[in-house]
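Below is one structure, written out as structure tokens, with a few remarks after it.
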Amino acid sequence: MTYSKILGTGGYLPEKILTNADLEKIVDTTSDWIVERTGIHQRHIAAGHETSLTMAEKAARKAMEEAGILPVDIGMIIIATTTPEKMFPSTACLLQQRLGIAGCPAFDLNSTACAGFVYALSIADQFIKNGVIKNALVIGSEVMSRVVDWSDRTTCVLFGDGAGAVIIGASEEPGILSTHLHSDGTYKDVLSLTVSLGKPLDVEEALYIKMTGNQLFKLAVNILGDLFDETLKANSLTKADIDWLVPHQANIRIIQAMAKKLALPLERVAITLEDQGNTSSASIPLALDKAIRDGRIKRGEMLLLEGFGGGLSWGSSLIKY
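Below you can see the structure in the form of structure tokens.
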């Protein structure tokens, strides 16, 4: 049986840091309030010349170096992003041009927001398992700072910018064991970016994220709890078999609830929220990259990745690293 195995990871964060103290000067909030409600102390903000494309390229090249493969070895590029370089061509095609590997499929996923990386990973995994390609480059890259309302203290304190990438390749050894994806349009208004290009644009319509925080929090806790049960059952595993949780970095209280659900100490959860904020589709690969590079996550360990975002959409991936 052919599996998809993680061969290398990479990440990129902009140099500029926006602290909670900085935000106190912009909106009516306090650092204590932000930390208590979210767990965030600071976030990285892209410079004027930085985009989802430029950050994706830097993360991708680090992942390729770590994996020991050349651009020509890549059979597919998927970029999960809600803040693409352009509506079209896709950010993935633009990256493909920069890497000099014309010919392989390259496309963006921009509709599942914070769950985008898990969705992208699942798609690439199917192509490898079915023998269509040997290696795939999967990236989450976001400039969320450009789609938040900086006068809305409930949302602008949450988000940051960055990119994370993984190279997955065909292997006879177990790697990605299963992926589980779900969506429910009933909750379409809980988390949304309001601009629509499929209808005449209302000039009064604000081009920024809207979120019903309390409802989203409750939904996430219940949805992810069920998702964990589904993932473990599908693989005939128990909570004790999970070595690491690599979650979407949305809110420290949600992460704590998920760790408790899995009976994992926080020391076994890859957390970047404090220093990076919510980087949407980039948050999972950034957390994964950091925990691998600093030596916490080791080969042979069992990882559970989870994300939830607009749609609502949510998903998990169980991985033998």
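Using this note's numbering, the first residue of the sequence shown is number -4, and each one after it goes up by one. In this text, a Cβ means the ideal position worked out from N, Cα and C, and glycines have one as well. Nothing here was measured: the structure is a model prediction, and the numbers come from that model.
Handout entry: Anticipated Cβ contact below 8 Å, residue 159 with residue 284, distance rounded
Key = One-based indexing of the sequence shown puts residue 159 at position 164. One-based indexing of the sequence shown puts residue 284 at position 289. Yes, they are in contact, since the Cβ atoms of residue 159 and residue 284 sit about 6 Å apart, within 8 Å.
Exercise for the section: With DSSP as the reference, label residue 373 as helix, strand or coil. Expected result: Absent from the structure is residue 373, since the part of the chain shown begins at -4 and ends at 316.
Practice task
With DSSP as the reference, please indicate the residues paired to residue -2 in a beta bridge.
Solution key: The count along the sequence shown starts at 1 and reaches residue -2 at position 3. Answer by DSSP bridge pairing, in chain order: 166.
Problem - For residue 14 and residue 36, believed in contact at Cβ under 8 Å, the rounded distance - result: Within the sequence shown, residue 36 is the residue found at index 41, counting from 1. Within the sequence shown, residue 14 is the residue found at index 19, counting from 1. Yes, residue 36 and residue 14 are in contact; Cβ-Cβ is about 7 Å, under 8 Å.
Problem - residue 300 burial status per 10 Å Cβ neighbour count (16 or more: buried) - result: Here residue 300 is taken as the residue at index 305 of the sequence shown, counted from 1. By the 16-neighbour rule on beta-carbons within 10 angstroms, residue 300 is buried.
Practice task
Could you name the residues of the same chain whose beta carbon sits closer than 7 Å to that of residue 126, not counting the 5 residues immediately before and after it, in chain order?
Solution key: The residue you call residue 126 lines up with position 131 of the sequence shown. Cβ within range, chain order: -3.
Exercise for the section: Report the partner residues of residue 35 according to the DSSP bridge assignment. Expected result: Here residue 35 refers to the residue found at position 40 when the sequence shown is read from its first residue. For residue 35, no pairing in a beta bridge is given by DSSP.
Exercise for the section: Compare the beta carbon distance of residue 89 and residue 48 with 7 Å and say whether it is the shorter of the two. Expected result: Sequence index remark: in the sequence shown, residue 89 carries index 94 (1-based). Sequence index remark: in the sequence shown, residue 48 carries index 53 (1-based). With contacts defined as CB atoms closer than 7 Å, residue 89 and residue 48 qualify as a contacting pair.
Practice task
Work out the CA separation of residue 45 and residue 63 for me, nearest whole Å.
Solution key: The residue given as residue 63 occupies position 68 in the sequence shown. The residue given as residue 45 occupies position 50 in the sequence shown. Straight through space, the alpha carbons of residue 45 and residue 63 are spaced by roughly 26 Å.
Exercise for the section: Give the straight-line distance between the Cα atoms of residue 149 and residue 98, rounded to the nearest whole angstrom. Expected result: Residue mapping note: residue 149 aligns to position 154 of the sequence shown, counting from 1. Residue mapping note: residue 98 aligns to position 103 of the sequence shown, counting from 1. Approximately 44 Å between the Cα atoms of the pair.
Exercise for the section: Name the residue from 0, 274 and 116 whose alpha carbon lies nearest to the alpha carbon of residue 143. Expected result: Indexing the sequence shown from 1 puts residue 143 at position 148. Closest by alpha carbon: 274.
Problem - Straight-line Cα distance separating residue 29 from residue 248 - result: For the purposes of this step, residue 248 is identified with residue 253 of the sequence shown, where counting begins at 1. For the purposes of this step, residue 29 is identified with residue 34 of the sequence shown, where counting begins at 1. Approximately 12 Å, taken between the alpha carbons.
Problem - residue 0 vs residue 70 beta-carbon contact at 7 Å - result: Within the sequence shown, the letter at position 5 stands for residue 0. Within the sequence shown, the letter at position 75 stands for residue 70. Not closer than 7 Å, so no.
Practice task
Spatial neighbours of residue 235 within its chain, please: CB distance less than 8 Å, with the 5 preceding and 5 following residues excluded, ordered by chain position.
Solution key: Reading the sequence shown from its first residue, position 240 is the one you call residue 235. Here the set comprises 258.
Practice task
Would you mind sorting residue 271 into buried or exposed? The rule is 16 or more other CB atoms within 10 Å of its CB.
Solution key: Taking the first residue of the sequence shown as position 1, residue 271 is located at position 276. That one is buried.
Practice task
Name the residue from 152, 132 and 171 whose alpha carbon lies nearest to the alpha carbon of residue 33.
Solution key: Within the sequence shown, numbered from 1, the residue matching residue 33 stands at position 38. Closest by alpha carbon: 152.
Practice task
Check residue 133 in the structure and name its three-state DSSP category.
Solution key: Your numbering for residue 133 matches position 138 in the sequence shown. It is a strand residue.
Handout entry: Limits of the unbroken alpha helix (DSSP H) element including residue 111
Key = The residue given as residue 111 occupies position 116 in the sequence shown. DSSP places residue 111 in the uninterrupted alpha helix (DSSP H) bounded by 111 to 124.
Exercise for the section: Look at residue 303 and residue 55 and say whether their C-beta atoms are less than 7 Å apart. Expected result: Here residue 303 corresponds to residue number 308 of the sequence shown, with the count starting at 1. Here residue 55 corresponds to residue number 60 of the sequence shown, with the count starting at 1. Their beta carbons are not under 7 Å apart, which means residue 303 does not touch residue 55 by this criterion.
Exercise for the section: Tell me whether the beta-carbon of residue 389 lies closer than 7 Å to the beta-carbon of residue 81. Expected result: Because residue 389 is not part of the residues shown, which for the chain are -4 to 316, the question remains open.
Exercise for the section: Closer than 7 Å by C-beta to residue 24: which residues in its own chain qualify, once you throw out the five before and the five after it? Chain order, please. Expected result: Residue mapping note: residue 24 aligns to position 29 of the sequence shown, counting from 1. Excluding sequence neighbours, residue 24 sits near 18, 148 and 152.
Problem - Alpha-carbon to alpha-carbon, residue 231 and residue 164 - result: Here residue 164 is taken as the residue at index 169 of the sequence shown, counted from 1. Here residue 231 is taken as the residue at index 236 of the sequence shown, counted from 1. In this model, residue 164 and residue 231 are separated by some 25 Å (Cα to Cα).
Problem - Start-to-end residues for the beta strand (DSSP E) that takes in residue 11 - result: In the sequence shown, counting from the first residue as 1, residue 11 sits at position 16. Counting along the chain, the beta strand (DSSP E) containing residue 11 begins and ends at 11 to 14.
Practice task
In the DSSP assignment, find the unbroken alpha helix (DSSP H) run with residue 278 in it and report its ends.
Solution key: Within the sequence shown, residue 278 is the residue found at index 283, counting from 1. Element bounds for residue 278: 278 to 288.
Problem - Simplified DSSP state of residue 87, which is helix, strand or coil - result: The sequence position of residue 87 within the sequence shown is 92, counting from 1. Helix.
Exercise for the section: Could you check the C-alpha separation between residue 277 and residue 42 for me, to the nearest Å? Expected result: Within the sequence shown, numbered from 1, the residue matching residue 277 stands at position 282. Within the sequence shown, numbered from 1, the residue matching residue 42 stands at position 47. Pairing residue 277 with residue 42, the inter-Cα distance amounts to about 17 Å.
Exercise for the section: Could you check how far apart the C-beta atoms of residue 162 and residue 2 are, in whole angstroms? I think they sit under 8 Å. Expected result: In the sequence shown, counting from the first residue as 1, residue 162 sits at position 167. In the sequence shown, counting from the first residue as 1, residue 2 sits at position 7. With 8 Å as the limit, residue 162 and residue 2 qualify as a contact, their Cβ atoms being about 5 Å apart.
Handout entry: Sub-7 Å separation of residue 107 and residue 308 beta-carbons
Key = In the sequence shown, counting from the first residue as 1, residue 107 sits at position 112. In the sequence shown, counting from the first residue as 1, residue 308 sits at position 313. Note that the C-beta distance between residue 107 and residue 308 is below 7 Å.
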